[in-house]
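In this note's numbering, the protein residues as written are 22 to 147.
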């Protein structure tokens, strides 16, 4: 088992790792729309929050010798299902033709008052 951390990112405040690699799979912890280096939280539009959360997933995957095209499954937590159309539009633009398995989970509250959190499972590059 290998723990993945971004070199410039501070240690997580909770008892978890940003990602774990095991048997060729990368398990990415839920990513908020938060700058991985400065810690600044994106509180703007759901589109901006979705883009940043996905880019955070991407940065962790790159650090683990993978990328968004190797994602097998994504779980997206949203604060309101009414945001789904906007989330899906940004998601499709970032992932392009790649369509991994996906689950959407509506939740009442997310950390820092954000509207989205994204976790992923991906394969390591061969």
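Don't be surprised by glycine CBs; every beta carbon is placed ideally from N, CA and C.
Throw me the rounded Cβ distance for the residue 77 and residue 52 pair, which I believe falls under 8 Å.
4 Å
Find out if the Cβ-Cβ distance for the pair residue 85, residue 142 is shorter than 7 Å.
no
What separation, rounded to the nearest whole angstrom, lies between the Cα atoms of residue 54 and residue 140?
12 Å
Please determine, among 80, 130 and 105, the residue with the shortest C-alpha to C-alpha distance to residue 123.
The candidate whose alpha carbon is nearest that of residue 123 is 105.
Can you check the stretch 63 to 105 for any alpha helix (DSSP H) of at least 4 residues that lies completely inside it and give the ranges in chain order?
67 to 84
Residue 46 and residue 89: beta carbons closer than 7 Å?
Contact annotation: residue 46 and residue 89 have beta-carbon atoms that are not nearer than 7 Å.
On the three-state DSSP scale, how would you describe residue 43?
Correct three-state label for residue 43: strand.
Determine the DSSP secondary structure at residue 141, reduced to helix, strand or coil.
DSSP, reduced to helix, strand and coil, places residue 141 within a strand of the structure shown.
Short of 6 Å in beta carbon distance, which residues of its chain neighbour residue 69, apart from the five on each side in sequence? Order them along the chain.
63
Taking only the alpha-carbon atoms, compute the straight-line gap between residue 30 and residue 61 and give it to the nearest angstrom.
12 Å
For residue 98 and residue 23, what's the separation of their Cα atoms in angstroms?
26 Å
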